[in-house]
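Participant: My questions all concern the structure below.
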Amino acid sequence: MKNPLKNTEPIKEKKPFWEDEGWRKKELKKMERNKKVTEKRREESALRKFEAWRTSGYRTY
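Here's what the structure looks like:
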């Protein structure tokens with residue numbers, strides 16, 4: 068009788084995750100989304116700073 072615990076199938080070589088096409092696409096999508104969010108946050112921050120400066124009465128003119 069064959070030993071059922073003994074695996075006779077050859078070990079399949081696993082590719083590293085960065086060579087996986089699905090992972091790469093997902094990562095690119097994530098980077099794109101982060102870029103948009105960062106851009107939006109930067110714009111909002113600049114607007115807030117401008118508003119604060121405008122309403123502060125600090126200007127000298």
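Quick note: the sequence shown uses my numbering, first residue 68, plus one each step. Even glycine gets a Cβ: it sits at the ideal position worked out from N, Cα and C.
1) Where does THR75 fall in DSSP's three states?
2) Among residues of its own chain, excluding the 5 on either side of LEU95, which ones have a beta-carbon nearer than 7 Å to its beta-carbon?
3) When the Cα atoms are used, what is the spatial distance from PHE117 to TYR125?
Facilitator: In brief:
1) Judged by DSSP in its simplified three-state form, THR75 adopts coil rather than helix or strand.
2) none
3) 12 Å
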